[in-house]
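To start, the structure under review is shown below, and the notes come after it.
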Amino acid sequence: MEIREAQKWVKDAWSRSPKRMSQLVELATFIEECGELGEAIRKIEHGKDKEVDLEKEMGDILLSLLTLAIRYDVDLQNAFDRTVESVKKKYIVR
Ligand SMILES: [Mg+2]
């Protein structure tokens, strides 16, 4: 699923949900998910790889970021494309 397609899917899913989180809860959720990823990486670095599901934690962050993007009407596909162009100019040797 492409980023734009994922954003549309999440937007549609939330529009059909009876409970929409407030913007502050959405932000808190995003921060919480980032913390969970940090904890997972810390466990991996301490040799406890079997206790973590890194793919799940990154998926949680992506969903949460998509949710924030919808809230603030940000097109994440455009955002990512802009960032890629910026990285190419700054860091990629041609
Ligand atoms: Mg998580």
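If you use my numbering, the sequence shown corresponds to residues 22 to 115, in order. Even for Gly, the Cβ is constructed at its ideal location relative to N, Cα and C. Computed from a prediction, not measured in an experiment: that's the story for all the values here.
Quiz item: Helix, strand or coil for E60 per DSSP?
Solution: Here E60 carries a helix assignment [DSSP, helix/strand/coil].
Self-check item: the stretch 82 to 93 / the stretch 52 to 67 touching (three or more Cβ pairs under 8 Å)
Solution: Here the stretch 82 to 93 lies against the stretch 52 to 67, with 3 or more beta-carbon pairs under 8 Å apart.
Quiz item: Where does Y93 fall in DSSP's three states?
Solution: The answer is coil: DSSP assigns Y93 none of H, G, I, E or B.
Quiz prompt | Buried or exposed (CB count within 10 angstroms, at least 16 for buried), I62 | solution = I62 should be labelled exposed.
Quiz item: Would you say D81 touches ligand 1, meaning its beta carbon is less than 6 Å from a heavy atom?
Solution: Because some heavy atom of ligand 1 lies under 6 Å away, the Cβ of D81 counts as near it: yes.
Quiz item: Buried or exposed: where does Q44 fall if 16 or more other Cβ atoms within 10 Å of its Cβ makes it buried?
Solution: Under this definition Q44 is an exposed residue.
Practice problem: Report yes if the CB atom of E76 is closer than 7 Å to the CB atom of K64, and no otherwise. | Solution: No, Cβ-Cβ distance for E76 and K64 is not below 7 Å.
Practice problem: Assign A34 to one of two classes, buried (16 or more other C-beta atoms within 10 Å of its C-beta) or exposed (fewer than that). | Solution: Here A34 is exposed. Its C-beta has fewer than 16 other C-beta atoms within 10 Å.
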